[in-house]
Structures are given as structure tokens and as C-alpha cells.
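The structure under discussion appears below in the form of C-alpha cells.
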Amino acid sequence: MTAVQAGLIWQSARQLSQAIRAGTLSAAELMTAAYDQIERLNPKVNAIVNLLPRKEALAAAWAQDQARARGERGGPLSGLPLAVKDLEDAEGLPTTFGFRPFAGAVAKADGEVTARMRQAGAIVIGKTNVPEFGLGSNTFNALFGATRNPYDPKRTAGGSSGGAAAALATGMLAIADGSDMGGSLRNPAAFCNVVGLRPSIGRVPEQRAFGWLGRLSTLGPMARNVDDVALLLSAQSGYCATDPLSRMELGAAFGGSLDCDPRSLRIAVSGDLGGLPVQPEVRERIEQAGAVFADLGAEVEEACPNLDGAMAVFQAQRAAGLAVLGKQLERQVPDWRQQAKDAAVWNIDKGLSLTADELIEAELERTQIYRRTARFFERYDALLCPAAQVAPFPIGEEWVREINGQPMRTYIDWMAVCCAITVLAAPALSVPGGFTADGLPVGLQIVAAPGQDLKALQTGRLFEQATGHGRIRPPIVEERPAPQAE
2 MTAVQAGLIW
12 QSARQLSQAI
22 RAGTLSAAEL
32 MTAAYDQIER
42 LNPKVNAIVN
52 LLPRKEALAA
62 AWAQDQARAR
72 GERGGPLSGL
82 PLAVKDLEDA
92 EGLPTTFGFR
102 PFAGAVAKAD
112 GEVTARMRQA
122 GAIVIGKTNV
132 PEFGLGSNTF
142 NALFGATRNP
152 YDPKRTAGGS
162 SGGAAAALAT
172 GMLAIADGSD
182 MGGSLRNPAA
192 FCNVVGLRPS
202 IGRVPEQRAF
212 GWLGRLSTLG
222 PMARNVDDVA
232 LLLSAQSGYC
242 ATDPLSRMEL
252 GAAFGGSLDC
262 DPRSLRIAVS
272 GDLGGLPVQP
282 EVRERIEQAG
292 AVFADLGAEV
302 EEACPNLDGA
312 MAVFQAQRAA
322 GLAVLGKQLE
332 RQVPDWRQQA
342 KDAAVWNIDK
352 GLSLTADELI
362 EAELERTQIY
372 RRTARFFERY
382 DALLCPAAQV
392 APFPIGEEWV
402 REINGQPMRT
412 YIDWMAVCCA
422 ITVLAAPALS
432 VPGGFTADGL
442 PVGLQIVAAP
452 GQDLKALQTG
462 RLFEQATGHG
472 RIRPPIVEER
482 PAPQAE
């Protein structure tokens with residue numbers, strides 16, 4: 002890779018797209034640099050799967066360059082290479098869910114959000130790796146293997162958007178789509194020192210999840226900085242007639258400036274979200290984040306909303322959603338239990354055994370939690386808490402079994418700091434929050450009131466500019482092949 006190419010891949014998505022639309026950079030040049038980086042680093046982290054041949058990707062880039070030469074203006078994502086998360090459809094590519102029986106399930110059309118990103122000018126070149134069915138925060142599956150953490154390849158990149166986060170951290174992509182039920186955007190962003198936004202429910206169209214009651218999951222944007230996350234959100238979001246919870250606001254609202262006066266902010270800080278076990282170094286970084294905002298002039302207090310019952314609600318409503326997956330699998334792959342990982346079988350069975358009373362109680366409890374939290378956000382603009390309760394853990398451990406000596410009963414419990422926030426249907430942004438003494442990334446979760454996605458982004462950008470944690474690249478990107486003996 003030349004010095005010019007290296008400079009390209011680390012530019013922001015906004016810079017790259019603007020240069021392509023202005024004609025000072027060609028989409029083909031950017032695609033060449035991206036593929037050089039992918040070929041150098043993807044074998045080390047295993048982030049991108051079902052990658053298009055270079056020739057096909059370059060042909061798509063050249064087509065955009067020719068369109069610009071004819072005077073076509075292009076969109077906000079013009080020329081940006083994109084690998085779609087392998088839970089979402091991209092026409093002509095398999096949607097495998099990391100599940101072997103789906104290896105050849107080629108999508109006949111784009112999903113809604115994929116179509117929006119293409120329309121904005123992104124060029125789809127492949128898929129990003131996920132854990133099987135997107136379950137769990139360690140990205141591995143029997144079809145493609147494990148995605149490794151760029152800051153320490155012996156550790157996990159998190160999940161379920163682990164492939165997306167690792168691709169961003171290594172400079173293979175400038176933007177990436179993700180999705181989040183219990184932290185699947187926020188956890189890998191934290192583990193890989195990038196930025197991920199779980200938007201308010203309804204902000205980005207959702208086609209696979211529950212249409213009405215009990216919706217926990219949402220799609221959302223990931224990038225290396227907050228401005229680029231907002232740029233991608235501007236393309237992903239906006240009203241969708243087939244989503245009953247879709248919000249009416251135009252996506253263009255997120256494409257402008259994120260400037261914000263920190264002195265206008267009232268910030269709540271909770272290093273453990275009301276008593277959850279959190280590794281000491283992680284908690285220290287969250288407390289330091291509060292001090293950063295205080296130094297910027299914000300009013301900062303230690304406070305946390307009352308989230309009693311949130312994990313029980315999450316467990317029930319998540320299981321209900323997975324029961325739907327179980328029914329689909331029974332029709333498509335009758336012997337799926339023999340082929341799926343144990344955690345998936347356990348969680349789907351939990352959903353299939355739910356009673357109507359349990360579902361009703363979960364919905365009633367969620368409503369009470371929502372109302373309590375709405376009152377909390379009448380006082381505070383944002384809540385700071387961990388985006389993960391631990392630093393990245395060894396890749397051979399399927400999930401975290403204990404924190405600070407406290408056992409975790411299930412593979413979900415160690416992610417409670419994200420799962421409990423999910424229940425609020427609020428925007429939650431994970432931004433780089435610093436590093437442990439061993440050089441492992443820590444993520445800061447910034448939560449705003451439901452619908453206040455812009456406020457979360459503005460708050461995150463203030464922290465990003467004040468600290469610069471996200472500019473620290475993983476050692477793996479600086480490694481060069483050893484010289485060959487003659």
C-alpha cells in the first residue's frame with residue numbers, strides 16, 4: 002500500500018464522499034485502496050465475508066465515476082465501500098446469519114436499509130461477520146470462524162456487529178451498518194474503539210423484528226467518528242410506510258453540524274448503572290468521562306434511572322422474538338437443533354415456552370420503566386455509563402462467566418449494562434472511552450431520552466473532540482510483512 006492509499010483509508014467518510022462528488026478523488030481510487038487494506042488485514046481479523054472479487058467492486062466504482070463525469074451529483078455516501086452485516090439482505094449476496102445451512106441463501110433483493118445506503122451512493126462489496134443468528138457478543142460461527150479484535154487478536158471483537166467494528170478499526174471500511182438488540186452495536190464498538198449508535202426505536206426502519214409490541218432490536222450506523230455515524234444515520238433513517246413504529250423526521254436532519262455548547266448540558270454519570278458488576282478499570286474510565294464533561298463546563302452529577310425489572314423484561318421480550326426465529330427454523334431446517342450452537346437452542350426454547358401472562362407482565366413492566374426514565378430525562382440531557390462491563394475477553398471464551406467474582410448465570414447477564422438500556426427504546430451511543438493498562442479499548446455509553454438521537458450524537462462528539470481516544474489505531478494496522486529472503 003502506498004502512502005497516498007494509506008492516507009485515503011484513514012480519512013473520514015465525509016471527507017472521502019465530498020472529494021468523490023467534487024471530482025478530486027475517484028471512487029475507483031478509493032476502492033483500490035480499500036481492497037489493498039482488506040487483502041492485507043482481513044486474513045488477520047476475519048471481519049469481512051463473502052467479499053466480491055476485486056474486479057467486480059472496481060467495475061461498480063468505475064460506473065459511479067462515469068456517472069459523475071456525466072454530471073450526476075451523487076449522494077452523501079458516494080463511492081464509499083460498504084460490507085453489509087450478515088443478518089441483512091444485499092441483492093446477489095448470501096444472507097447466512099452465520100449458520101451453515103444458510104450458506105447459499107442468496108438474497109434476491111436489498112433489505113430496506115441496504116437499499117437506502119445504496120441509493121445514497123455506498124457500494125456494497127460483501128458482508129460483515131456475525132455470531133450465529135446474531136446471538137451473543139463474541140463473533141464466531143461454524144461457517145466463517147471467529148472475528149478477532151484488532152487491538153489484541155487473541156481477544157474477541159465483540160458482537161454481534163463484530164465484523165463491522167473490526168473492519169472499521171483496521172481501515173478496511175469507513176462506514177458500516179450494524180444492528181442492536183442487547184448491545185450488538187454498542188459492545189463491538191466499545192471493544193474495537195469505534196463508534197456505534199443504537200437509534201431510538203423507529204428511527205431506522207426494521208423489517209425482521211416485531212412490528213408492534215415488544216420490539217427490542219433496531220438497525221443503526223457505525224463508523225470511526227461521531228460525525229460519520231451521523232452521516233450514515235442521515236441515509237438510513239426516515240419514514241418507512243411498512244414499519245408501524247417508523248418516525249416521521251427526515252434523515253437529512255442528521256447530515257448537518259453537531260456543534261453543541263457543553264455549558265448547556267446537564268449530565269448524569271453512573272459507573273455501574275445502579276449496581277451492576279463492572280471491571281474496575283472500566284468503571285474508572287466512565288468516572289473519568291464525567292470529569293471531562295465537568296472540565297468542559299457541563300453540570301455533572303452522579304445519578305442513574307431506576308431500572309428495576311429491566312433485565313426480566315429484556316429476557317422475556319428477547320425470548321419471544323427468538324421464538325419467532327425458532328418457528329421459521331422448524332419450517333426451513335427441520336434438524337436445526339443439531340446444527341445450531343447450544344446458546345441459540347437454549348434461548349429459542351426459552352421463547353417457545355413463554356406464557357401469555359409472562360408476555361403481558363413484561364409489557365406492563367416495560368411501560369412503567371419507560372415512564373420512570375422519561376421523568377429522569379426531564380432533569381438530565383444524557384446519561385454516561387459503560388458500553389460493556391468488561392474489557393475485550395479471550396476469543397476462546399464463548400461468553401463472560403464472572404465479573405469481579407460474581408457469577409453470570411447466562412450468556413446474556415454480563416451484557417446487562419446494554420440490555421437494560423435497550424428496554425427504554427432510547428438512543429444509546431458507544432464512543433471510545435479510553436484504554437486499560439493492557440491497551441484494551443473501553444467504551445463509553447451515552448444515553449439520551451427517547452427520540453433525542455441528535456442530543457446523544459452532540460454529546461458524544463464533545464467527548465470525542467476533548468479526548469481523541471478514537472484516533473489511537475490498533476497495532477495490527479502498523480505491522481508490515483517481513484521481508485522475503487532471496
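At position 440 of the sequence shown (counting the first as 1) the number is 441 in my numbering, and the numbers step up by one without a gap. Yeah, the Cβ is synthetic: ideal placement off N, Cα and C, and Gly gets one too. Predicted model only: the values in this text are computed from it and were never measured.
Closest Cα partner of residue i within the set the options
{"i": "Leu31", "options": "Arg149, Cys419, Ala62 and Thr423", "result": "Ala62"}
{"i": "Leu42", "options": "Gly172, Asp90, Ala438 and Arg156", "result": "Gly172"}
{"i": "Asp454", "options": "Leu274, Pro200 and Gly183", "result": "Pro200"}
{"i": "Leu360", "options": "Gly276, Glu303, Tyr412 and Leu214", "result": "Leu214"}
{"i": "Val443", "options": "Pro222, Trp400 and Glu285", "result": "Glu285"}
{"i": "Ile124", "options": "Ile176, Ser162, Ala168 and Thr97", "result": "Ile176"}
{"i": "Lys342", "options": "Phe134, Gly322, Leu277 and Phe145", "result": "Phe134"}
{"i": "Leu353", "options": "Ala392, Val334 and Gln329", "result": "Gln329"}
{"i": "Gly256", "options": "Leu297, Gly275, Pro222 and Asp273", "result": "Pro222"}
{"i": "Glu40", "options": "Thr97, Asn139 and Leu174", "result": "Leu174"}
{"i": "Tyr152", "options": "His470, Pro451, Leu441 and Gly452", "result": "Leu441"}
{"i": "Thr140", "options": "Leu246, Gly179 and Ile447", "result": "Gly179"}
{"i": "Gly184", "options": "Gln369, Val448 and Gln67", "result": "Val448"}
{"i": "Thr423", "options": "Arg376, Val401 and Thr368", "result": "Thr368"}
{"i": "Pro306", "options": "Phe378, Glu288 and Gly252", "result": "Phe378"}
{"i": "Leu430", "options": "Cys419, Arg55 and Asn150", "result": "Cys419"}
{"i": "Leu308", "options": "Asp296, Arg187 and Gly276", "result": "Gly276"}
{"i": "Gln280", "options": "Phe436, Arg187 and Trp337", "result": "Phe436"}
{"i": "Asp66", "options": "Val401, Ser18, Ile10 and Ala295", "result": "Ser18"}
{"i": "Leu498", "options": "Ala304, Gly159, Ala344 and Gln340", "result": "Past the boundaries of the shown model lies residue 498; the chain is included only from 2 to 487, so the question cannot be answered."}
{"i": "Met118", "options": "Ala68, Ala84 and Gln38", "result": "Ala84"}
{"i": "Gln208", "options": "Leu458, Asp244, Ala191 and Leu9", "result": "Asp244"}
{"i": "Ala121", "options": "Arg474, Arg149 and Arg22", "result": "Arg22"}
{"i": "Gln459", "options": "Ala254, Glu250, Ala304 and Phe315", "result": "Ala254"}
{"i": "Gly252", "options": "Val114, Ala91 and Glu288", "result": "Val114"}
{"i": "Gly197", "options": "Gly327, Gln38 and Ala457", "result": "Ala457"}
{"i": "Ala357", "options": "Ala317, Thr374 and Gln333", "result": "Ala317"}
{"i": "Lys351", "options": "Ala60, Ala313 and Gln340", "result": "Ala313"}
{"i": "Lys155", "options": "Glu398, Phe315 and Ala7", "result": "Glu398"}
Cβ-Cβ separation, residue j to residue i (assumed contact under 8 Å), whole Å
{"i": "Asp181", "j": "Thr219", "result": "6 Å"}
{"i": "Ser265", "j": "Cys386", "result": "Contact flag wrong, Cβ pair sits at about 21 Å."}
{"i": "Pro433", "j": "Gly406", "result": "Contact flag wrong, Cβ pair sits at about 28 Å."}
{"i": "Ser238", "j": "Arg204", "result": "5 Å"}
{"i": "Gln446", "j": "Val283", "result": "About 11 Å; that fails the 8 Å criterion."}
{"i": "Phe145", "j": "Asn47", "result": "7 Å"}
{"i": "Ile202", "j": "Arg187", "result": "That belief does not hold up - the Cβ atoms of Ile202 and Arg187 are roughly 15 Å apart, past 8 Å."}
{"i": "Ala421", "j": "Pro451", "result": "Going by Cβ atoms, the distance from Ala421 to Pro451 rounds to 15 Å, so no, they are not a contact pair."}
{"i": "Pro132", "j": "Gly160", "result": "5 Å"}
{"i": "Pro475", "j": "Ala170", "result": "6 Å"}
{"i": "Lys45", "j": "Ile477", "result": "6 Å"}
{"i": "Phe192", "j": "Pro393", "result": "4 Å"}
{"i": "Arg372", "j": "Asp228", "result": "Not confirmed; about 34 Å, so no contact."}
{"i": "Gly24", "j": "Arg69", "result": "6 Å"}
Bridge partners - residue i, DSSP secondary structure assignment
{"i": "Arg187", "result": "DSSP output for Arg187 lists no bridge partner at all."}
{"i": "Val443", "result": "Gly435"}
{"i": "Cys386", "result": "Gln446"}
{"i": "Leu198", "result": "Leu430"}
{"i": "Glu303", "result": "Val270"}
{"i": "Asp309", "result": "In DSSP, Asp309 forms no bridge with anything."}
{"i": "Asn47", "result": "In the DSSP output, where bridge partners are listed per residue, Asn47 has none listed."}
{"i": "Ile176", "result": "Ala224"}
{"i": "Gln407", "result": "Ile404"}
{"i": "Thr129", "result": "Ile49 and Lys86"}
{"i": "Thr157", "result": "Arg149"}
Test item: CB-CB of residue i and residue j under 7 Å
{"i": "Val50", "j": "Lys109", "result": "no"}
{"i": "Cys241", "j": "Pro278", "result": "no"}
{"i": "Arg101", "j": "Ala143", "result": "yes"}
{"i": "Ala311", "j": "Ile370", "result": "yes"}
{"i": "Ala299", "j": "Ile268", "result": "yes"}
{"i": "Leu355", "j": "Ala321", "result": "yes"}
{"i": "Glu89", "j": "Gly72", "result": "no"}
{"i": "Leu195", "j": "Ala168", "result": "First, the residue type needs correcting, since residue 195 is Val and not Leu in the sequence shown. No, the pair does not count as a contact, with Cβ atoms beyond the cut-off."}
{"i": "Val293", "j": "Ala467", "result": "yes"}
{"i": "Ser138", "j": "Met409", "result": "no"}
{"i": "Val346", "j": "Arg338", "result": "yes"}
{"i": "Ile126", "j": "Pro54", "result": "no"}
*Any contact of the stretch 455-467 with the stretch 261-279, i.e. 3+ C-beta pairs under 8 Å?*
Touching, yes.
*Spell out a yes or no on whether the stretch 19-33 and the stretch 95-114 are touching, meaning 3 or more CB-CB pairs, one atom from each, closer than 8 Å.*
No contact exists between the stretch 19-33 and the stretch 95-114.
*Is the stretch 68-84 close to the stretch 233-241, with three or more CB pairs under 8 Å?*
In the pairwise beta carbon analysis, the stretch 68-84 is classified as touching the stretch 233-241: at least three pairs are separated by under 8 Å.
*Between the stretch 355-371 and the stretch 379-397, do at least 3 Cβ pairs fall closer than 8 Å?*
No, the stretch 355-371 is not in contact with the stretch 379-397.
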